[in-house]
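Student: One structure coming up, written as structure tokens, with questions to follow.
Number of protein chains: 2
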Amino acid sequence: MPCCEIIAVGTELLLGQLTDTNTPYIAGALASRGMDVYATHALGDNRARLSEAIRAALGRSDGVITCGGLGPTIDDVTKEAICDALGLECELNDAVMQSIERIFAGSGRQMRDNNRKQADLPQGSVLLSNAHGTAPGFVAFARDGKFVAALPGVPHEMRPMLDEQLLAWLRSRFSLTSFITTRVLHTIGIAESEIDHRIGDLFASQANPKIAVLAHDFRCDVKLMAKARDAHEAAALIGPLEQDIVARLEGYVFGTDDETLESVLVGRFAEVRRTIALAESCTGGRIAARLTSVPGASAAFLGGVVAYDNAVKAETLGVPAQLLADFGAVSCEVVTAMAQGVRKRLGSDVALATTGVAGPQGGTAEKPVGLVWLALASDAGVQTQRLQLKGSRELIQSRASVTALGLLWKTFYAM
Amino acid sequence: MPCCEIIAVGTELLLGQLTDTNTPYIAGALASRGMDVYATHALGDNRARLSEAIRAALGRSDGVITCGGLGPTIDDVTKEAICDALGLECELNDAVMQSIERIFAGSGRQMRDNNRKQADLPQGSVLLSNAHGTAPGFVAFARDGKFVAALPGVPHEMRPMLDEQLLAWLRSRFSLTSFITTRVLHTIGIAESEIDHRIGDLFASQANPKIAVLAHDFRCDVKLMAKARDAHEAAALIGPLEQDIVARLEGYVFGTDDETLESVLVGRFAEVRRTIALAESCTGGRIAARLTSVPGASAAFLGGVVAYDNAVKAETLGVPAQLLADFGAVSCEVVTAMAQGVRKRLGSDVALATTGVAGPQGGTAEKPVGLVWLALASDAGVQTQRLQLKGSRELIQSRASVTALGLLWKTFYAM
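In order, the protein sequence lines correspond to chains A and B. Just so we're aligned, residue 1 is where the first sequence starts under my numbering, counting upward by one. Just so we're aligned, residue 1 is where the second sequence starts under my numbering, counting upward by one.
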């Protein structure tokens, strides 16, 4: 099995100022393709030390993947360190220069010498183009054929470059043939221990696919990992087991793999041509942000009102002032009126409303921090739900949003 | 300055199944105490490879801190690898044995041979006792006096052992008297290369504090790191440099350290008792979510309308149907009417509006994906801004949100 090492570059990593999420991402991608990782390292922006680390890694492994230190500033030295380690010079890459010039022409910003420096690549290297930034990646080569691949450190630039370019290059270079196929079943509204109870016997009896249960905040995933030579073999391994698990977890599995609660909801509502509106107080726009993260959300989502101030609840949503005075903004009565009000104003089929005490201040004995009311209004009437959530302000806001979307899914997934 | 290396141990780290939070924790603690970290590494549970990595690190640095692989199971080999690297044998430590026996007596579980193995420590090592588990840590020594400290991998066992025992040992062993104080200046609206151009000369001329520029998405941080014996000396080192940099970046530094664009805005508006309302189309609630992430946001933020559907723009925000028909929803005219409409409806001092093509579908030659219009309405009238953003739907939505908050800050920070 071919093996490589990963070197993350950046002095901030050695100061503990940043948790490195690039290395596990790259390691996971390599593992799933059948490429062994001998070790991973982090080094500072120090040309001599970095070059020495690359040389040492090439003594043990078939190649090195660096991540970070490709930017235009003087402390970015990864490219120079790779050249030092491999005994190569840099040369101007015309394609990269043109692409950087295009980016600057498009943005109206002035191009400087340090931007031009980014168009230099080690002699004889393979370009990994950067669709999301100015720093190109590349694969450079030692005289004995070992490789050093350089990826940028910004995750949204690094990930597509790895997924779309470097993995294909590695697959072809090392003739990688077996890989791990993963199938993830997303559940909502069921505890990890209950999942364990319902499917625990399968854990022991299954070697391939392996099964794992991963608890997220207020959601659990069941992960099936099959080792196979091709997609057909992987599907044959995963299919029957997936069917069995979905049947045992009926009414809780809302989607698979890249699907999210919001993508499933938008898809389902668009399919049956029904529309959603929102009235958010304590969730402050988070539910709207989730729904509008889905491409084509406009087919199902009309819009919403972030009714933070009580005057907005009264005037824009038509919540009677008397209700606000009698029961307070965080109450079953007000959340009901918010859902009905936004449904009427926006003319949606369904409306979801939230109100609560997100904290850290503002709690009382009667209405403590973490108290949240949800309401769901439709032709069938209004249903409400009272939550008592734990955690920081951020967690309470996020947990209220997930639970509200879960209520919407639970109520309408079978429509 | 004494320096060491950190080695995290665990095959799951090389498979990308776990994000290593121990290494940044240890690195941050060492950095702030004035101990340099040369490099960090992760290796699998492999005795020969681990021992080789320890030997190599001792060739470069004054010591090594390992983390993980001290448990009782057969795949825990860190102690053996350390003994191999240092040429030491293990010997029974009576204090550890008694403590393990106490833990088992207390729990009623049966003690096994592999638990007894945990009471063996390398000859001549200093014990780091484990108040939260059975695996003790230790500091072992090479013949030349260099050290290898072993910490457990479970974070709630590792952290107190580091904080309460190992740091004190290091401080005394290396006579550490200085620590590092960090000051972060947050900027918006200025490119990394432009910051480099304006303050680049300070990078070279400054050794203490060190300066680093960190680019985030559409924002940059300038970080000052001062090495000093106490807080007073740190402040004296950072103060003048910070003033100089803030002056050179006038109009771009919006906050420091833990402050965010939204916390600064909420604070400033609350202070002068002015209010904000939002009309969000393409940003879909993201700006509201940011503002409401700040505790006490209600002092400045009234609420907003997520006007996703055109009917919501027309009916709830009062955008004239004729404008929507003539210019389309993504236009200077409509974004202006949205800002004016929400300002009037919610009665706010200031209103911010967004409309755009977030993609990936829905772009045209005239209005491509990434085209976003911003408007800011106040007593002074309406100012608009046209953006052409790049990236995925998620990035366009997030970049539009940051830029909109930046516009709000730019316009009102001096009020």
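No residue lacks a Cβ here, since even glycine has one placed at the ideal position from N, Cα and C.
Taking DSSP as the reference, what is the three-state secondary structure of residue 77 of chain A?
Tutor: Reading the first sequence from its first residue, position 77 is the one you call residue 77 of chain A. Of the three classes helix, strand and coil, the one that applies to residue 77 of chain A here is coil, per DSSP.
Student: Would you say residue 10 of chain B and residue 45 of chain B are within 8 Å of each other, going by their C-beta atoms?
Tutor: Within the second sequence, numbered from 1, the residue matching residue 10 of chain B stands at position 10. Within the second sequence, numbered from 1, the residue matching residue 45 of chain B stands at position 45. Cβ distance < 8 Å, so residue 10 of chain B and residue 45 of chain B count as in contact.
Student: Just the chain A side, please: which residues come within less than 7 Å of residue 213 of chain B by C-beta, in chain order?
Tutor: Mapped onto the second sequence, residue 213 of chain B falls at position 213. Result: 73.
Student: Check whether the Cβ of residue 216 of chain A lies closer than 8 Å to any Cβ atom in chain B.
Tutor: Within the first sequence, numbered from 1, the residue matching residue 216 of chain A stands at position 216. No, because no Cβ of chain B sits closer than 8 Å to the Cβ of residue 216 of chain A.
Student: Where does residue 125 of chain A land, buried or exposed, given buried means 16+ other C-beta within 10 angstroms?
Tutor: In the first sequence, residue 125 of chain A corresponds to position 125, counting from 1. Result: buried.
Student: Just the chain A side, please: which residues come within less than 7 Å of residue 160 of chain B by C-beta, in chain order?
Tutor: Mapped onto the second sequence, residue 160 of chain B falls at position 160. None at all; the shortest Cβ gap to chain A is about 17 Å.
Student: By DSSP, does residue 393 of chain B sit in helix, in strand, or in coil?
Tutor: Translated into the one-based positions of the second sequence, residue 393 of chain B becomes position 393. In this structure, residue 393 of chain B counts as helix in the three-state DSSP scheme.
Student: Considering only their Cβ atoms, is the gap separating residue 289 of chain A from residue 285 of chain B smaller than 8 Å?
Tutor: Here residue 285 of chain B is taken as the residue at index 285 of the second sequence, counted from 1. Here residue 289 of chain A is taken as the residue at index 289 of the first sequence, counted from 1. Yes, these two residues count as a Cβ contact at 8 Å.
Student: With respect to the beta strand (DSSP E) encompassing residue 90 of chain A, which residues constitute its N-terminal and C-terminal limits?
Tutor: Here residue 90 of chain A is taken as the residue at index 90 of the first sequence, counted from 1. Run containing residue 90 of chain A: 90–92, per the beta strand (DSSP E) assignment.
Student: Between residue 56 of chain A and chain B, is the shortest Cβ-Cβ distance under 8 Å, so that the two count as touching?
Tutor: On the first sequence, position 56 is the one that residue 56 of chain A refers to. Chain B, which has a Cβ nearer than 8 Å to the Cβ of residue 56 of chain A, makes this yes.
Student: Does the Cβ of residue 183 of chain B have 16 or more other Cβ atoms within 10 Å, making it buried, or fewer, making it exposed?
Tutor: The residue you call residue 183 of chain B lines up with position 183 of the second sequence. The residue in question, residue 183 of chain B, is buried, as its Cβ has 16 or more Cβ neighbours within 10 Å.
Student: Would residue 134 of chain A pass as a contact of residue 123 of chain A if the rule is Cβ separation under 8 Å?
Tutor: As a first step, residue 134 of chain A is located in the first sequence; it is residue number 134 there, counting from the start. As a first step, residue 123 of chain A is located in the first sequence; it is residue number 123 there, counting from the start. Going by C-beta atoms, residue 134 of chain A is not nearer than 8 Å to residue 123 of chain A.
Student: Which same chain residues, not among the five before or five after residue 327 of chain A, have their C-beta less than 7 Å away from its C-beta?
Tutor: Here residue 327 of chain A refers to the residue found at position 327 when the first sequence is read from its first residue. Hits under 7 Å: 333, 334.
Student: If you check the beta carbons only, do residue 279 of chain B and residue 246 of chain B fall under 8 Å apart?
Tutor: Position 279 of the second sequence holds residue 279 of chain B. Position 246 of the second sequence holds residue 246 of chain B. Not a contact, by the Cβ cut-off of 8 Å.
Student: Check whether the stretch 99–116 of chain A and the stretch 141–152 of chain A touch, using three or more Cβ-Cβ pairs below 8 Å as the test.
Tutor: no
Student: Going by alpha carbons, who is nearest to residue 297 of chain A out of B/364, B/394, B/372?
Tutor: The residue labelled residue 297 of chain A in the question sits at position 297 within the first sequence. Of B/364, B/394, B/372, the residue nearest in Cα terms is B/394.
Student: Grab me the residues of residue 229 of chain A's own chain with a C-beta within less than 7 Å of its C-beta, minus the 5 sequence neighbours each way, in chain order.
Tutor: One-based indexing of the first sequence puts residue 229 of chain A at position 229. Closer than 7 Å at Cβ, skipping near neighbours: 177, 178.
Student: Indicate the three-state DSSP secondary structure (helix, strand or coil) for residue 320 of chain A in the structure shown.
Tutor: As a first step, residue 320 of chain A must be located in the first sequence, where it is residue number 320. In this structure, residue 320 of chain A counts as coil in the three-state DSSP scheme.
Student: Report yes or no: is there a C-beta of chain B within less than 8 Å of the C-beta of residue 120 of chain A?
Tutor: Against the first sequence, residue 120 of chain A aligns to sequence position 120. Answer no: the Cβ-Cβ gap between residue 120 of chain A and chain B never drops below 8 Å.
Student: Taking DSSP's pairing of strands, which residues face residue 378 of chain B in a bridge?
Tutor: Against the second sequence, residue 378 of chain B aligns to sequence position 378. Looking at the DSSP assignment, residue 378 of chain B forms a beta bridge with B/381.
Student: Measuring only the C-alpha atoms, how far is residue 53 of chain A from residue 68 of chain A?
Tutor: Here residue 53 of chain A refers to the residue found at position 53 of the first sequence. Here residue 68 of chain A refers to the residue found at position 68 of the first sequence. Rounded to the nearest whole angstrom, the C-alpha separation of residue 53 of chain A and residue 68 of chain A is 15 Å.
Student: Compare the C-alpha of residue 266 of chain B against each of B/257, B/287, B/252, B/249 and name the closest.
Tutor: Working through the second sequence from its first residue, we reach residue 266 of chain B at position 266. Proximity to residue 266 of chain B across B/257, B/287, B/252, B/249 peaks at B/287, based on C-alpha coordinates.
Student: Going by other Cβ atoms of all chains shown within 10 Å of its Cβ, with 16 needed for buried, is residue 293 of chain B buried or exposed?
Tutor: As a working mapping, residue 293 of chain B is identified with position 293 in the second sequence. Under this definition residue 293 of chain B is a buried residue.
Student: Return the CA-CA distance between residue 386 of chain B and residue 375 of chain B, expressed in angstroms with no decimal places.
Tutor: Locating residue 386 of chain B in the second sequence gives position 386, counting from the first residue. Locating residue 375 of chain B in the second sequence gives position 375, counting from the first residue. Between residue 386 of chain B and residue 375 of chain B, the C-alpha separation is close to 9 Å.
Student: Checking the sheet assignment: what are the DSSP bridge partners for residue 187 of chain B?
Tutor: Translated into positions along the second sequence, residue 187 of chain B becomes position 187. B/220, B/253.
Student: Looking only at C-alpha atoms, which of B/120, B/151, B/121, B/114 sits nearest to residue 132 of chain B?
Tutor: In the second sequence, counting from the first residue as 1, residue 132 of chain B sits at position 132. Minimum Cα distance to residue 132 of chain B is reached at B/151.
Student: Take residue 55 of chain B as the anchor and find which of B/161, B/307, B/73, B/5 has the nearest alpha-carbon.
Tutor: To locate residue 55 of chain B, count along the second sequence from 1; it is residue 55. For residue 55 of chain B, the nearest C-alpha among the options comes from B/5.
Student: Could you spell out where the beta strand (DSSP E) holding residue 38 of chain B opens and where it closes?
Tutor: Here residue 38 of chain B refers to the residue found at position 38 of the second sequence. Element bounds for residue 38 of chain B: 36–43.
Student: Who are the neighbours of residue 24 of chain A on chain B, taking C-beta pairs under 9 Å?
Tutor: Here residue 24 of chain A refers to the residue found at position 24 of the first sequence. Within chain B, the residues near residue 24 of chain A are 13, 15, 16, 17, 18, 19, 20.
Student: Taking only runs that begin and end inside the stretch 88–134 of chain A, name each unbroken alpha helix (DSSP H) of 4 or more residues, in chain order.
Tutor: 94–107, 113–116
Student: Thinking C-alpha only, which one of B/172, B/98, B/48 is nearest residue 78 of chain B?
Tutor: Taking the first residue of the second sequence as 1, we reach residue 78 of chain B at position 78. Per the Cα distances, B/48.
Student: I'd like to know if residue 309 of chain A contacts chain B, where contact means its C-beta is closer than 8 Å to some C-beta of that chain.
Tutor: Here residue 309 of chain A refers to the residue found at position 309 when the first sequence is read from its first residue. Interface residue, yes.
Student: What residue range is occupied by the uninterrupted alpha helix (DSSP H) comprising residue 332 of chain A?
Tutor: Taking the first residue of the first sequence as 1, we reach residue 332 of chain A at position 332. First-last of the alpha helix (DSSP H) with residue 332 of chain A: 332–346.
Student: Starting from the beta carbon of residue 293 of chain A, find every residue of chain B whose beta carbon is closer than 8 Å, and list them in chain order.
Tutor: Counting from one through the first sequence, the residue named residue 293 of chain A turns up at place 293. Simply 284, 393, 394, 397.
Student: Using beta carbons (cut-off 8 Å, strictly below), is residue 203 of chain A in contact with chain B?
Tutor: Along the first sequence, one-based indexing puts residue 203 of chain A at 203. Judged by the 8 Å Cβ criterion, residue 203 of chain A is not in contact with chain B.
Student: Between which residues of its own chain and residue 206 of chain A is the CB-CB distance below 8 Å, once the five residues before and five after are set aside?
Tutor: Along the first sequence, one-based indexing puts residue 206 of chain A at 206. Answer for residue 206 of chain A: 241, listed in chain order.
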